[in-house]
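> Residue numbers (the working numbering): 1 to 123. Glycine included, every Cβ here is placed at the ideal spot set by N, Cα and C. Quantities reported herein were computed from a predicted structural model and do not represent experimental measurements. For reference, the structure I am asking about is given below.
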């Protein structure tokens, strides 16, 4: 190993050890400082407790037009969703089939072709 590489290697090793030692000691001092602050606060509160907080006062919030509109919109959406959830979809389907069959029958009558009965199945 040459002089330069030995010198650089020794410097790097020494600097790394010093940096890690300083970082470790700094972290330890911070932990000790935090622990001492907590212990001091606990002892202070035991000897001289803080006065109780006054009860919160009642506040009236002013309702804006935007909030009123939002509430109105939300009520409408809730009503719509509940009506959709309570709907019998098989009845809706049958009603739609009957309406389409009636329209189809009118179209076929105007064209002059024979209209099959909706109750008859195709053969």
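Would you tell me roughly how many angstroms separate the C-alpha atoms of residue 29 and residue 61, rounded to the nearest one?
Along the chain shown, one-based indexing puts residue 29 at 29. Along the chain shown, one-based indexing puts residue 61 at 61. Spanning the two alpha carbons is a distance of roughly 48 Å.
> Would you kindly work out how many angstroms separate the C-alpha atoms of residue 41 and residue 53, rounded to a whole number?
For the purposes of this step, residue 41 is taken as residue 41 along the chain shown, with counting starting at 1. For the purposes of this step, residue 53 is taken as residue 53 along the chain shown, with counting starting at 1. For residue 41 and residue 53, the distance between alpha carbons rounds to 18 Å.
> Mapping DSSP to helix, strand and coil, what is residue 48?
Sequence index remark: in the chain shown, residue 48 carries index 48 (1-based). Correct three-state label for residue 48: coil.
> Taking the alpha helix (DSSP H) that residue 65 belongs to, which residues open and close that run?
By one-based count along the chain shown, residue 65 stands at place 65. From DSSP, the alpha helix (DSSP H) with residue 65 extends over 65-85.
> Rounded to a whole number of angstroms, what is the C-alpha to C-alpha distance between residue 84 and residue 103?
As a working note, residue 84 is residue 84 in the chain shown. As a working note, residue 103 is residue 103 in the chain shown. Distance between the alpha carbons of residue 84 and residue 103 is about 26 Å.
> I need the boundaries of the alpha helix (DSSP H) containing residue 61, first residue and last residue.
The residue you call residue 61 lines up with position 61 of the chain shown. From DSSP, residue 61 is part of no alpha helix (DSSP H); its letter is neither H nor E.
> Could you tell me the distance, in whole angstroms, from the CA atom of residue 46 to the CA atom of residue 27?
Counted from its first residue, the chain shown places residue 46 at position 46. Counted from its first residue, the chain shown places residue 27 at position 27. In a straight line, the C-alpha of residue 46 is about 29 Å away from that of residue 27.
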